[in-house]
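Quick note on the working numbering: the sequence shown kicks off at 291 and runs consecutively. Each residue gets a CB set at the ideal place from its N, CA and C atoms; glycine is no exception. Computed from a predicted model, the values in this text were never measured in an experiment. Take a look at the structure set out below.
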Amino acid sequence: MRALPATVLAVCGLLASACGSAGSGGSAAGQAAPAAAREQASASSSPMRKGPEAKPLDGKVIVIDPGHNGANYRHPKEINRQVNILTQRKACDTTGTATNSGYSEAAYTWDVSKRMVKILEGRGATVKLTRDSNNGVGPCIDRRAAIGNEAKADAAISVHADGSNNTGHRGFHIIMPKKIDGPVDKVVGASSKLGIAVRDAYRKGTGLPYSNYIGKNALNYRSDIGGLNLSTVPKILFESGNMRNPGEAAKFQDPKFRQKIALALANGLQHYLNT
Ligand code: ZN
């Protein structure tokens, strides 16, 4: 983090809640186990036929937006370009934050998002990411929103972790859209429902506390987040915790904990989509 240009970092620092977080490991977890059905073999010796088994997220489309990108810090001009987010103009993207030991938010969000893809696809969902690597630039926040819209996602989630320099700040929070007299208005209610489902699943699955410095009961409604303002599908921006808090940083840097995070987020999405 210290290697990043100060000008770029400043952009992120202003956005206490749009900058960063970390998680844990694991990979094949989280899939429903339909194995029992296979045990119901007939007494005959004919080969068992594995018919297509219904999965809980069959037919659902989910867009996962891993916050930031690994090479953003090397392209300040591109990521500082101003884009229209309806309520204001705002930078295309930011670098994101990092733990004190240098594990970047971009690497964290990329890792957790890929884990989520595996879990959710295993449950039958069609999943799309807003970027395809962690060594590129962008896309800009308006494009990230458009990807969810174009996919006609049933649910979309931006994965982030925060970077508050007050190391006593800890816990996670969820940013959801507010009505802005714009296209997002029609999904404000659904986004709130999605946010609450993900909040509950994350707390249960990771044991991390609600933020002690942003939002109420981990819920924060804002009208200055481009990725939300421009969304026409239910969407939230998830802030996994504070990467600058040593205890939370250690968790985010642990692949096993990142798997736990991915599983919890997938469970929250599923709960929303199945109710
Ligand atoms: Zn972020």
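On the premise that residue j lies in contact with residue i, defined as a C-beta separation below 8 Å, what is that separation, rounded to the nearest angstrom?
i, j, result
"Leu559", "Leu410", "7 Å"
"Glu538", "Gly453", "Contact flag wrong, Cβ pair sits at about 11 Å."
"Asn532", "His459", "5 Å"
"Gly426", "Asn370", "Rounded, the Cβ-Cβ distance is 16 Å, inconsistent with contact."
"Phe462", "Ala508", "6 Å"
"Thr522", "Val474", "7 Å"
"Gly485", "Ile526", "5 Å"
"Ala557", "Pro346", "Note that residue 557 is Asn in the sequence shown, not Ala. Going by Cβ atoms, the distance from Asn557 to Pro346 rounds to 10 Å, so no, they are not a contact pair."
"Ile465", "Arg512", "5 Å"
"Ile375", "Ile437", "The Cβ separation is near 15 Å, so there is no contact."
"Asn519", "Gly479", "With a Cβ gap of about 16 Å, Asn519 and Gly479 do not count as contacting."
"Ala441", "Val353", "5 Å"
"Val373", "Arg379", "7 Å"
Return the first residue and the last residue of the beta strand (DSSP E) that residue i is part of.
i, result
"His358", "Per DSSP, His358 belongs to no beta strand (DSSP E) and is neither H nor E."
"Tyr511", "Leu509 to Arg512"
"Val373", "Gln372 to Asn374"
For residue i, write down the residues that DSSP places opposite it in a beta bridge.
i, result
"Ala446", "Val353 and Lys525"
"Asp452", "Asn532"
"Tyr500", "Phe462"
"Ser482", "In the DSSP output, where bridge partners are listed per residue, Ser482 has none listed."
"Leu553", "In DSSP, Leu553 forms no bridge with anything."
"Val417", "Ile352"
"Arg433", "Answer by DSSP bridge pairing: none, since Arg433 is not bridged."
"Ala381", "Gln372"
"Pro467", "Arg512"
"Lys266", "The first residue shown for the chain is 291 and the last is 565, placing residue 266 beyond what the model contains."
"Ala388", "Ser394"
Tell me whether residue i counts as near ligand 1, meaning its Cβ is closer than 8 Å to at least one heavy atom of that ligand.
i, result
"Ala539", "no"
"Asp514", "no"
"Asp452", "yes"
"Thr389", "no"
"Thr496", "no"
"Thr522", "no"
"His358", "yes"
"Gly505", "no"
"Gly531", "no"
"Thr384", "yes"
"Thr565", "no"
"Glu249", "In the structure displayed, the chain extends from 291 to 565; residue 249 sits before or after that span and is not available."
"Gly399", "Contrary to the premise, residue 399 reads as Thr rather than Gly in this sequence. Under cutoff, so the answer is yes."
Between which two residues does the alpha helix (DSSP H) containing residue i stretch?
i, result
"Lys404", "Glu395 to Gly412"
"Leu518", "Gly516 to Asn519"
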